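K.L.:
Quick mapping for you: the protein sequence lines, in order, are chains E and L.
In case it helps, the numbering used here puts the first sequence at residues 32 to 180.
In case it helps, the numbering used here puts the second sequence at residues 32 to 180.
For each residue, glycine too, the CB sits at the ideal point set by N, CA and C.
The model shown is predicted, which means the values in this text are computed figures rather than measured ones.
For reference, the structure I am asking about is given below.
There are 2 protein chains.
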Amino acid sequence: MPTYDPALSLKLDDQLCFALYSATNALKKMYRPMLERLGLTYPQYLVMMVLWERDGQTVSEIGDKLFLDSATLTPLLKRLENHSILERRRAAEDERIVRVSLTAKGNSLKEMAATVPGEAVGATGCTPDELTTLRDALVQLRTDLMANG
Amino acid sequence: MPTYDPALSLKLDDQLCFALYSATNALKKMYRPMLERLGLTYPQYLVMMVLWERDGQTVSEIGDKLFLDSATLTPLLKRLENHSILERRRAAEDERIVRVSLTAKGNSLKEMAATVPGEAVGATGCTPDELTTLRDALVQLRTDLMANG
DNA sequence: CCCTATTTAATCGTGCGCGATTTAATTTCA
DNA sequence: TGAAATTAAATCGCGCACGATTAAATAGGG
């Protein structure tokens, strides 16, 4: 088995996995100062995008979209609630369910966030086409990994 | 600004950032059962790859390769030391430096890890060419993000 | 030489992710 | 209908990541 095979060697720089891991770490670092202005962390920003698209979703619905479970989301949502960005309320019709609603403050953050995607694109140094291609490849990879895991 | 522009909208599924983030989470989950057999976490596996390539590196050298700092590495290395996988020793010629050396057990893990990359490739459902292309795109992205961050 | 600047690692606090378990509410079906 | 199964969220424990600070050793300039 040749060591120049990028998939099958144990050399760090051959690994897709390390490229993915380190790019994600770099991405989070790049977003940090932008999101700090909104008072959000990166995962919190993702949750907010889910809720800006449709308010009042349940913890499970948010989790299905982000591929996160309640062990991650519950503490995160509580922190956002403590910052008066959203409210968590058990549904009257089914007390197991917790519905998450944005406050006025939470909704207003959407306007402040409007410049974030453009700034982020700038930092990538990629054309929109390149970004689309890369995004689609990563979505496919994620789908495969979750199916074959 | 059209909302179908994948780069500039605030819709979750348009975001490269979310594709990257969620693919990395899926990747770590996929690796977990494989690495559990070696008694390693995913970041620990990366550190081991660095040391299998060249033993006796300093904390900074490991950090330079993985883009991690001592705040992350020191506790991780201590855990590996507690499992007798490596040893940490201050250099006699410069007491600031900590040099990390594999134990026999740490070296022997390399053989057990030999099947991991192949298994991982299988789970991706990608051809080697696709993996190489994606890896190179991610390395380029990482480079750009770290330069423009 | 000594004092300051730099370098290296460690420490501290916060916020994830997630496997595993627990609690509570609802559904199922015998 | 009532016991068992299922579902939803919360809780617990651990291991990252990283910004910020600290401690200690070395290097460098006057």
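Which first and last residues belong to the beta strand (DSSP E) in which L:L117 is found?
P.N.:
In the DSSP annotation of this structure, the continuous segment of the beta strand (DSSP E) that includes L:L117 starts and ends at 117-121.
K.L.:
Any idea if E:P33 is buried or exposed, counting beta-carbon neighbours within 10 angstroms, 16 or more meaning buried?
P.N.:
Note that E:P33 scores 44 on pLDDT, short of 50, meaning its location in the model is unreliable; the coordinates nonetheless yield the value given after this. Burial call: exposed.
K.L.:
Let me know if E:G137 comes out buried or exposed under the rule of 16 or more other beta-carbons within 10 Å of its beta-carbon.
P.N.:
buried
K.L.:
Quick check: what's the CA-CA separation for L:M65 versus L:V147?
P.N.:
7 angstroms
K.L.:
Identify every run of the alpha helix (DSSP H) within the segment 35-67 of chain L, keeping only runs that are complete inside it and at least 4 residues long; order them along the chain.
P.N.:
List check, alpha helix (DSSP H) in window: 47-67.
K.L.:
Residues of the segment 75-90 of chain E in Cβ contact with chain L at a cutoff of 7 angstroms, in chain order, please.
P.N.:
L77, M80, V81, W83, E84
K.L.:
Give me the residue from E:L97, E:S91, E:E142 with the minimum Cα distance to E:A122.
P.N.:
Checking every option, the nearest Cα to that of E:A122 belongs to E:S91.
K.L.:
Output the distance between the C-alpha atoms of L:R110 and L:V131, rounded to the nearest integer angstrom.
P.N.:
13 angstroms
K.L.:
May I ask you to report which of helix, strand or coil DSSP gives E:L127?
P.N.:
First, the amino acid is wrong: residue 127 of chain E is Arg here, not Leu. DSSP places E:R127 in coil when its eight states are reduced to three.
K.L.:
Between the segment 141-157 of chain E and chain L, which residues of the former have a C-beta closer than 9 angstroms to a C-beta of the latter?
P.N.:
K141, A144, A145, V147, P148, G149, A151, V152, G153, A154, T155, G156, C157
K.L.:
So what does E:S132 bridge to, in DSSP terms?
P.N.:
E:E118
K.L.:
7 angstroms is my cut-off, CB to CB: does L:M177 come that close to chain E?
P.N.:
yes
K.L.:
Please state the DSSP three-state secondary structure of E:T105.
P.N.:
helix
K.L.:
Under 7 angstroms between the Cβ atoms of E:K59 and E:Y73?
P.N.:
yes
K.L.:
Measure the C-alpha to C-alpha separation of E:G159 and L:L47 and round it to an integer number of angstroms.
P.N.:
A small correction: the amino acid at residue 159 of chain E is Pro; Gly does not occupy that position in the sequence shown. Each residue's Cα considered, the two are about 10 angstroms apart.
K.L.:
Pull up the DSSP beta-bridge partners for E:T89, would you.
P.N.:
Answer is E:R130, bridged to E:T89.
K.L.:
I'd like the span of the alpha helix (DSSP H) that includes E:L176, first residue to last.
P.N.:
159-179
K.L.:
Does DSSP put E:D100 in a helix, a strand or coil?
P.N.:
coil
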